[in-house]
Amino acid sequence: MTHTKETEHANRAPEPEFTSIEICAGAGGQAVGLHQAGFGHLALVEIDRHAVETLELNINDHEVWTWERAHCDVLLADVKDFNPHKDLTKGADLLKGRDLDLLAGGVPCPPSRTRESSSARMTSETSSPACLISSRQ
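Here this note's numbering is used: position 35 in the sequence shown is 38, and no number is missing along the way.
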């Protein structure tokens, strides 16, 4: 096999077996595992801007994420405000054409994982299962 063929093969992104949307994606640890298991991400949603920057760098810099570069929205957003039917741009058509296979989330312990809110009290609003609400929409 020549170097040219290796490069051509690396640039072709195989169609993933499954689709997923991941909320509270963090810097992408769970996304890597899901990707290796055959999931193609339609969205990675995270509220921390540093984690979003890491996700974007990794997706743009690594060949294994070719499919996600074309189909995945990396969104800096609060999961409570995320609506896949309104917020997706790259993978919107794929979501319309089939059911989502997995709604994944690395949901932190309420009320939040950030230092600023460590003294915040847990309320019914901060502990509500936003992932279940999203899955019904």
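Backbone N, C-alpha and C define an ideal beta-carbon position, used for all residues, glycine too.
In the DSSP annotation of this structure, the continuous segment of the beta strand (DSSP E) that includes G43 starts and ends at F42 to E49. CA-CA distance, G94 to H74, rounds to 5 angstroms. Boundaries of the beta strand (DSSP E) harbouring E25: F21 to I26, taken from the DSSP string.
A direct Cα-Cα distance of roughly 14 angstroms separates I50 from E59. For A54, the three-state secondary structure derived from DSSP is helix. Beyond the five residues adjoining it in sequence on each side, D104 comes within less than 8 angstroms, by CB distance, of F21, T22, S23 and F42 in the same chain, given in chain order. Counting C-beta atoms within 10 angstroms of its own C-beta, P19 has 16 or more neighbours from the protein chains shown and is therefore classed as buried. The continuous stretches of beta strand (DSSP E) do not include L91, and DSSP gives it neither H nor E. With a cutoff of 9 angstroms on beta-carbon distance, L79 and L45 are scored as not near each other. Bridge pairing for L106: I24 [DSSP]. Here D76 is bridged, per DSSP, to A46. A direct Cα-Cα distance of roughly 10 angstroms separates A40 from A34.
Within the same chain, Cβ atoms closer than 7 angstroms to the Cβ of R72 are found at I62 and N63, the five residues on either side in sequence being excluded.
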